[in-house]
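Asks: Structure provided below as structure tokens; questions to follow.
Chains as they are written, first to last, in this note's numbering: chain A, 1 to 363; chain B, 1 to 262.
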């Protein structure tokens, strides 16, 4: 048989040429070669992805678009490793999903940190009256879960009630008190200032109570955050303006950071968060208050969706006694800088060398 | 076509049924408007309304009636006016909520008795004397504790322009700028307030940003500064609800009563 009579001669003839191109692709000096291992895998991946997506669409019965969003979100990278285009795409995807879920126009902001800004916080420990308004304002702003079943109510700020210690003569010979918890104040003779779990749950008719001191604690936004050190997937990190944030999509829920944090600042979404549509705050930030999912850790981020646009955090705005102060530590005119210059300041658990940017002060 | 007509009829019926319901609901909402207080109960009330659809100016706590969230921090504010040592702030960057509209006697004060003239029987000297008319209007001033008996009405209120306060030189000061008066004695607090350390400012945190400043009387009641029932200088208010108890913990007092085993 002559080659000319062969009907598949062309294809046979093509084959060597294909081989050639494939061989040529291994040569880095040869330009303009498109077929490579990467593109092959990409094509294969796309194929399997599309079949998966199809399957998901069939299972979910909720339309191709929604399923595609879900799947794309599931496969997105660590936020910090994304290109700006990928970041914008991820945010747009979330906006579409949240808007559909909460029946309103939800915006997911991605404003990066600005140069020349290092956020700082100061709290006047003598003024706090323990009214817990900051706690509730935080919940209003930051879309925490607010159900009634165990584990469904999440609050980022805890207000600690401590009894005032006193050096009274009649108690001087009572010896060292029986230990009940971690002593953070008072003296050796009065079991005062001990942190019992129950002391977060004070519920008097009116505050401030006689002989009680209140100490709100939340994320201290450490300069050397232990939680960032231990995160195995590096989903929590320190931003340029000093705020420690979490990429909730990349969080695997291992709770290592919760163990590492000496300030009890982190919360875990044990259940699917309960967030009624009408109470949802539609102004969100990717690193900040966007609705979280089950099985991820969350914490205070100084209202990034506000502070990146130079608005005060929600807790600062509602404090009825003006105990909470917020500002730029690099600006010598800001209120926090002036407090550091003028007032008596301490940081909680400073001996751990976590260097919090949350300062307690009194005048 | 038939289908379309059918749908239209249904729609029309629904609308007709729904319209009175909507009207009723609107009337109900108007009837019970939400009012919550900012810092001082009874003196810093704010009425909830919508700035844009879905965006209220404030959110109120359902349990204590406290303001919990500001949609627009500058809602209902006016420029602060001239303040010594705050001249560097650009025009319109410092705003306050006017106090005048909270003071229900103010309109009367200006016109009824003290309309710029010295009323009959007015004391000629600066020594405190009982003023029965004023004491019947405001019973709490009868035993004024502010200054522990060292000051009286006319140290703060203008003698002839009673809808104004008075500064060091006897010049009238607006009720919207009480800091000019209070700073006469509380200079350290005025200094801290100017720098944002004392008191409260909301809005933009950058030092060049627009802020709403809270003035003295929004948080402090000058007629009632020494009250035995309060603690640490603040009037007692009801706290918000406590956090959720940990799973399995029945009573918050359990630990302090029974102790923790070591």
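Cβ coordinates follow ideal geometry from the N, Cα and C atoms, glycine included.
Note that the structure is a prediction, hence the values are computed from the model and not measured.
What three-state label does DSSP hand residue 107 (chain B) in the structure shown?
Replies: The answer is helix: DSSP assigns residue 107 (chain B) an H, G or I state.
Asks: Kindly confirm or deny that the segment 144-157 of chain A and the segment 233-252 of chain B touch, where touching means at least three C-beta pairs closer than 8 Å.
Replies: The segment 144-157 of chain A vs the segment 233-252 of chain B: in contact.
Asks: Taking the alpha-carbon positions, what's the residue 151 (chain B) to residue 126 (chain B) distance?
Replies: One C-alpha to the other measures close to 10 Å.
Asks: In angstroms with no decimal places, state the Cα-to-Cα distance between residue 202 (chain A) and residue 160 (chain A).
Replies: If I take the Cα positions, the gap works out to 9 Å.
Asks: Can you check DSSP and say which residues form a bridge with residue 195 (chain B)?
Replies: According to DSSP, residue 195 (chain B) bridges with nothing at all.
Asks: What are the boundary residues of the beta strand (DSSP E) that residue 317 (chain A) is part of?
Replies: Unbroken run through residue 317 (chain A) is the alpha helix (DSSP H), 314-318; no beta strand (DSSP E).
Asks: Residues of chain B with a CB under 8 Å from the CB of residue 233 (chain A): which are they?
Replies: The contacting residues do not exist; residue 233 (chain A) stays about 27 Å from chain B at best.
Asks: Please state the DSSP three-state secondary structure of residue 160 (chain A).
Replies: Note: residue 160 (chain A) maps to strand in three-state DSSP.
Asks: Chain A beta carbons: is any one of them nearer than 9 Å to that of residue 156 (chain B)?
Replies: Not an interface residue.
Asks: Please state whether the Cβ-Cβ distance between residue 314 (chain A) and residue 131 (chain A) is less than 9 Å.
Replies: No, the Cβ-Cβ distance between residue 314 (chain A) and residue 131 (chain A) is not below 9 Å.
Asks: At the 9 Å Cβ level, is residue 288 (chain A) part of the contact set with chain B, yes or no?
Replies: Closer than 9 Å: no.
Asks: Using a C-beta cutoff of 9 Å, does residue 219 (chain B) count as contacting chain A?
Replies: It does: the Cβ of residue 219 (chain B) has a partner Cβ on chain A nearer than 9 Å.
Asks: Name, going along the chain, the residues of the segment 44-73 of chain B whose beta-carbon falls closer than 7 Å to a beta-carbon of chain A.
Replies: Listed by position, the residues of the segment 44-73 of chain B near chain A (Cβ gap below 7 Å) are 54, 59, 61, 66, 67, 68, 69, 70, 73.
Asks: If the criterion is Cβ atoms closer than 9 Å, does the pair residue 44 (chain B) and residue 156 (chain B) meet it?
Replies: No, they are not a contact pair.
Asks: For a cutoff of 9 Å on Cβ pairs, would you count residue 81 (chain A) as touching chain B?
Replies: Output row for residue 81 (chain A): interface = no.
Asks: Using a Cβ cut-off of 9 Å (strictly closer), state whether residue 356 (chain A) contacts chain B.
Replies: False, the Cβ-Cβ gap to chain B never drops below 9 Å.
Asks: Using a Cβ-Cβ cut-off of 9 Å, state whether residue 112 (chain B) counts as contacting chain A.
Replies: No, no contact with chain A.
Asks: Assuming residue 287 (chain A) and residue 245 (chain A) make a contact with CB atoms under 8 Å, what is their CB distance in whole Å?
Replies: Yes, they are in contact, since the Cβ atoms of residue 287 (chain A) and residue 245 (chain A) sit about 4 Å apart, within 8 Å.
Asks: Nearest-angstrom Cα distance between residue 298 (chain A) and residue 214 (chain B)?
Replies: C-alpha separation (whole angstroms): 32 Å.
Asks: Nearest CA to the CA of residue 38 (chain B): which residue from A:327, A:328, A:318?
Replies: Closest option to residue 38 (chain B), Cα to Cα, is A:318.
Asks: Around the C-beta of residue 78 (chain A), are 16 or more other C-beta atoms found within 10 angstroms, so that it is buried, or is it exposed?
Replies: By the neighbour-count rule (16 or more Cβ atoms within 10 Å), residue 78 (chain A) is not buried but exposed.
Asks: What is the C-beta distance between residue 265 (chain A) and residue 231 (chain A), in whole angstroms, given that I count them as a contact (C-beta under 8 Å)?
Replies: Residue 265 (chain A) to residue 231 (chain A), Cβ: 14 Å. No contact.
Asks: Rounded to the nearest angstrom, how far is the Cβ of residue 332 (chain A) from that of residue 98 (chain A), given a contact under 8 Å?
Replies: Not quite, the Cβ-Cβ distance comes to about 40 Å (not below 8 Å), so this is no contact.
Asks: Alpha helix (DSSP H) containing residue 138 (chain A): first to last residue?
Replies: That run of the alpha helix (DSSP H) goes 133-142.
Asks: Let me check understanding here. Comparing Cα to Cα, which of B:172, B:221, B:94, B:106 lies closest to residue 78 (chain B)?
Replies: With distances taken between Cα atoms, residue 78 (chain B) lies closest to B:94.
Asks: Does the beta carbon of residue 35 (chain B) sit closer than 9 Å to a beta carbon anywhere in chain A?
Replies: Chain A contact via Cβ: absent.
Asks: Could you give the C-beta distance for residue 163 (chain B) and residue 106 (chain B), rounded to a whole number, given that I count them as a contact under 8 Å?
Replies: 5 Å between Cβ atoms; contact.
Asks: Once you ignore the five residues that flank residue 158 (chain B) on each side, which residues in its own chain have a CB closer than 7 Å to its CB?
Replies: The answer, listed in chain order, is 164, 165, 166, 172.
Asks: Quick one: Cα of residue 354 (chain A) to Cα of residue 209 (chain B), how far?
Replies: Looking at the two C-alpha atoms, the distance is approximately 31 Å.
Asks: Between residue 201 (chain B) and the rest of its own chain, which residues show a CB-CB distance below 8 Å, the 5 nearest in sequence each way excluded?
Replies: Same-chain partners within the cutoff: 211, 212, 213, 214.
Asks: For the alpha helix (DSSP H) containing residue 119 (chain A), list its first residue and its last residue.
Replies: Element bounds for residue 119 (chain A): not the alpha helix (DSSP H) but the beta strand (DSSP E), 119-124.
Asks: Using beta carbons (cut-off 9 Å, strictly below), is residue 314 (chain A) in contact with chain B?
Replies: Output row for residue 314 (chain A): interface = yes.
Asks: Just to confirm my understanding: we take residue 224 (chain B), look at its own chain, exclude 5 residues before and 5 after, and list those with CB closer than 7 Å. What are they?
Replies: Excluding residues within five positions, the ones whose Cβ falls inside 7 Å are 140.
Asks: Let me see if you follow: with CB-CB separation under 9 Å, is residue 200 (chain A) close to chain B or not?
Replies: So yes, residue 200 (chain A) belongs to the interface.
Asks: Answer yes or no: does any C-beta atom of chain C fall closer than 9 Å to that of residue 224 (chain B)?
Replies: Included in the structure are the protein chains A and B, with no chain C among them.
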